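Inspection log for the structure reproduced underneath, given as structure tokens.
Numbering (the working numbering), first residue to last: 148 to 621.
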């Protein structure tokens, strides 16, 4: 018992001595940012100062009782100060890190309504918090990368044809943990239509660009440069026009059509079209001037990629020869309608829409040698910004079809040799134009507790009640 008691007392005394020694050399936690300075005020004049690693932090004695500590590089070191009349020195545990407050202030200035925090883990910037959209997160990462102490810059010089080109690459250590608070979603309403362009020309109907904002559809006839346009009445066709004036035609690229140039005065492209697409397409379809090929509605989160496919997979055999032996492989080719898009909601409420690509393909025939299908493809790529609910129209994708029409007088036209006098053959070139109508709409989630109104919640009108009255079954 006595031995155990003495052992316990000895252990306690030893622990106290070790704790006192550690406490005596435990430093005062001190933090300073890279390329920044702090002031250390002493109670007594300093007689001697020492820093363990001058490459991380350095000091400057401003007065006997004030020390300026400068952060040089990322890391930790010790600062030891001996005061006058004191036997034990003062230890400072110095940690040199990044300037998180300055980076956070710049991000807050860029996005004052968002809550983004900046922290440092050694030489890596860590971003946390919430933002409203992808653009804000991207800008915050760029700001953090520009001021990251762990960034490195490398320059590569290449020479071609006697010309030297310098390329600078910057790599920064940034960890992005920012999340989007209620991410925006975009509903894309798409109509893919094939328009009978030849019939439209005969009727004097065409697309037009109204003013500089392309805000309308009309039956004004397009004319070459230097011509004029005049209003024409059209009842019951869904068209309206009330302008008479001179026109200069359209030359060069049409806004919103990428690299497609108009072939004549009738081939126009309307890029921004707030309303009326449904009525116009219904009128064209009713008259047999257009055919709706596809009409999908797609909901995509902002910044994500969406796609629509209405295709047929056409199989064909490919013969491969290896080492004297031949093998046949079945290959599938997609033919039909494809649409790939990336919507992005900007800070100003505009919707940036990247179409890459909008494509329609069909089988034009087969090769006589091996029977491979000949694929006729029409596609367009573009990148535009639209307001919520505005529409992008991509037009100008033309195809031609030759049609031979024979007219003859019955019986007389069938007489050998002389029958040629009583019949005629006319070759007609039928032009078809592919048009994409794309309308992005910003969709917001319903707030909690708000009841969504259903079509059945509306009270029917007297006329609807009459139509919906119960009919007794005998």
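For every residue, glycine included, the Cβ atom is placed at its ideal position computed from N, Cα and C.
Everything numeric in this text was worked out from a predicted model, so none of it was measured.
Residue 498 is a Cβ neighbour of residue 490, given a cutoff of 8 Å.
Burial check for residue 609: the Cβ neighbour count within 10 Å stays below 16, so the residue is exposed. For residue 583, the closest alpha carbon among the candidates 479, 336, 179 is that of 336. 333 is the residue among 195, 568, 284, 333 whose C-alpha sits nearest the C-alpha of residue 585.
By DSSP's assignment, residue 484 forms a beta bridge with 457, 507. Residue pairing for residue 532: DSSP places it in a beta bridge opposite 499.
In the structure shown, residue 277 falls within a strand segment according to DSSP collapsed to helix, strand and coil. Burial check for residue 449: the Cβ neighbour count within 10 Å reaches 16 or more, so the residue is buried. For the 8 Å CB-CB criterion, residue 250 and residue 290 form a contact. Between residue 201 and the set 216, 515, 210, 326, the nearest pair of CA atoms involves 216.
Taking the Cα positions, residue 458 is about 17 Å away from residue 438. Per the DSSP secondary-structure output, residue 582 pairs in a beta bridge with 340.
Taking C-alpha positions only, residue 241 is separated from residue 252 by approximately 24 Å. Counting C-beta pairs closer than 8 Å gives three or more between the segment 510 to 528 and the segment 466 to 486, which meets the contact rule. Taking all protein chains shown into account, residue 571 has fewer than 16 neighbouring C-beta atoms within 10 Å of its C-beta and is therefore exposed.
Close CB contacts of residue 509 within its chain, under the 7 Å cut and outside five residues either way in sequence, are with 482, 523 (chain order).
Judged by DSSP in its simplified three-state form, residue 330 adopts coil rather than helix or strand.
In this chain, residue 562 is not harboured by any alpha helix (DSSP H), its DSSP state being neither H nor E. Judged by DSSP in its simplified three-state form, residue 197 adopts strand. Membership of residue 237 in the beta strand (DSSP E) is indicated by the continuous run 237 to 244.
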